[in-house]
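Undergrad: I'd like to ask some things about the structure below.
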Amino acid sequence: MLQISWNRLLKIISMLKNILYSIFWNKCPKCHQSNVFKISNAYNLKDFDKMHVSCNCCGEVFEKEPGFFYGAMYVSYALMVGWFLISWALDYLFFKLETWQFLIFISATILVFAPLTFRISRLIWLNFFIKYDREKAVCHH
81 MLQISWNRLL
91 KIISMLKNIL
101 YSIFWNKCPK
111 CHQSNVFKIS
121 NAYNLKDFDK
131 MHVSCNCCGE
141 VFEKEPGFFY
151 GAMYVSYALM
161 VGWFLISWAL
171 DYLFFKLETW
181 QFLIFISATI
191 LVFAPLTFRI
201 SRLIWLNFFI
211 KYDREKAVCH
221 H
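If you use my numbering, the sequence shown corresponds to residues 81 to 221, in order.
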């Protein structure tokens with residue numbers, strides 16, 4: 081039987097809280113002080129993909145090496161597969177759309193979510209490699 085101590089469980093919850101905060105608020109995974117993307121609006125299509133090279137607060141470099149964010153494509157793929165499966169299940173159970181209607185719906189939503197998925201997948205990828213450090217959370221300019 082799997083036994084997890086309360087301290088371990090609280091540590092996991094705290095870690096997940098830090099990761100989700102970084103992802104959904106566009107914050108540096110290390111210090112949670114600066115934004116990762118230069119523009120907060122993911123739907124500013126001219127600049128939605130522009131990132132800071134490093135954190136303005138703690139100095140953490142976001143792109144560790146050339147091609148670092150190729151891995152984020154797999155995260156993006158997983159997010160879109162998840163969206164497809166949820167959409168398909170809801171359609172199968174409740175809506176019963178024709179195949180062509182479902183394909184139009186899924187294609188349109190993937191296009192609409194593309195800028196958001198791009199950002200979220202990069203932030204998830206960053207959080208795989210950079211852990212929150214409470215000591216770095218105080219900005220020293």
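In this text, a Cβ means the ideal position worked out from N, Cα and C, and glycines have one as well.
Give the C-beta separation of S167 and I186 to the nearest angstrom, bearing in mind that I take them to be a contact with Cβ-Cβ under 8 Å.
TA: S167 to I186, Cβ: 6 Å. Contact.
Undergrad: Go ahead and label W212 buried or exposed: buried means 16 or more other beta carbons lie within 10 angstroms of its beta carbon, across all protein chains shown.
TA: The sequence shown places Tyr at residue 212, not Trp. Flag for Y212 reads buried.
Undergrad: With H, G and I counted as helix, E and B as strand and the rest as coil, what does DSSP make of N121?
TA: Correct three-state label for N121: coil.
Undergrad: For S102, does the three-state DSSP call read helix, strand or coil?
TA: Three-state result, S102: helix.
Undergrad: Pull up the distance between the alpha-carbon of S72 and that of A188, whole angstroms please.
TA: No answer is possible for residue 72: it lies beyond the span of the chain, which begins at 81 and ends at 221.
Undergrad: With a threshold of 8 Å between beta-carbons, can K97 be considered close to chain B, or not?
TA: This model lacks chain B altogether; it includes just one protein chain.
Undergrad: In chain order, which alpha helix (DSSP H) runs of at least 4 residues are fully inside the stretch 130–180?
TA: If we require 4 residues or more, the alpha helix (DSSP H) runs fully inside the stretch 130–180 come out as 150–170.
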